[in-house]
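If you want my numbering, it's the 1-based position in the sequence shown plus 66. For every residue, glycine included, the Cβ atom is placed at its ideal position computed from N, Cα and C. From a predicted model like this one, the values you see are computed outputs, not experimental measurements. Written below as structure tokens is the structure these notes are about.
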Amino acid sequence: MHRQGIARFIHQLGLTAATRKRKPRTTDRAHDHPIAPNLLNRQFSATAPNQRWVGDITVVDTQEGWLYVAALVDRYSRRWGGWAMSAHPNEALVTAAFQMAYRQCHPHGALLHHTDRGSHYTSLG
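Here's what the structure looks like:
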């Protein structure tokens, strides 16, 4: 069946295509904040808990609008150490996720916290 035939069939059924909203960008790499060196260098494996945490922000479409979720994952256990949600992607969001992970996981010794180094993570608050 050709595209036009499919379109006619969908129209006969009274269906319409749902258009997806474009997701907002969560990373701004065009900032002038100082950037920490990439110490992890794609070596994500860990030999014990709380050696390497990786963090990121994602966006979820809700009925009330976009919701931003920041999360930290321990690379050894692959469990979420901390997370936070906000209507705005800012340094308070990533700080809250880090504080939750720190309170729950009690890291001792050297800890690498790796992110995409976007403006939310490099901001001085």
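Quiz prompt | Nearest-angstrom Cα separation, counted from R74 out to M151 | solution = Looking up residue 151 in the sequence shown gives position 85. Looking up residue 74 in the sequence shown gives position 8. Rounded to whole angstroms, M151 to R74 spans 43 Å at the Cα level.
Quiz item: What do you get for V139, buried or exposed, if any count of 16 or more other CB atoms within 10 angstroms of its CB means buried?
Solution: By one-based count along the sequence shown, residue 139 stands at place 73. So V139 ends up on the buried side.
Practice problem: Check L177 in the structure and name its three-state DSSP category. | Solution: Translated into positions along the sequence shown, residue 177 becomes position 111. Under the three-state reduction of DSSP output, L177 falls in the coil class, being neither helix nor strand.
Practice problem: Using the Cα positions of S143 and T113, report the straight-line distance between them to the nearest angstrom. | Solution: Within the sequence shown, numbered from 1, the residue matching residue 143 stands at position 77. Within the sequence shown, numbered from 1, the residue matching residue 113 stands at position 47. Rounded to the nearest angstrom, the two C-alpha atoms are 10 Å apart.
Exercise. Would you mind working out which of G121, A153, P115 sits nearest T128, comparing C-alpha positions?
Key: Working through the sequence shown from its first residue, we reach residue 128 at position 62. Among G121, A153, P115, the Cα nearest to that of T128 belongs to A153.
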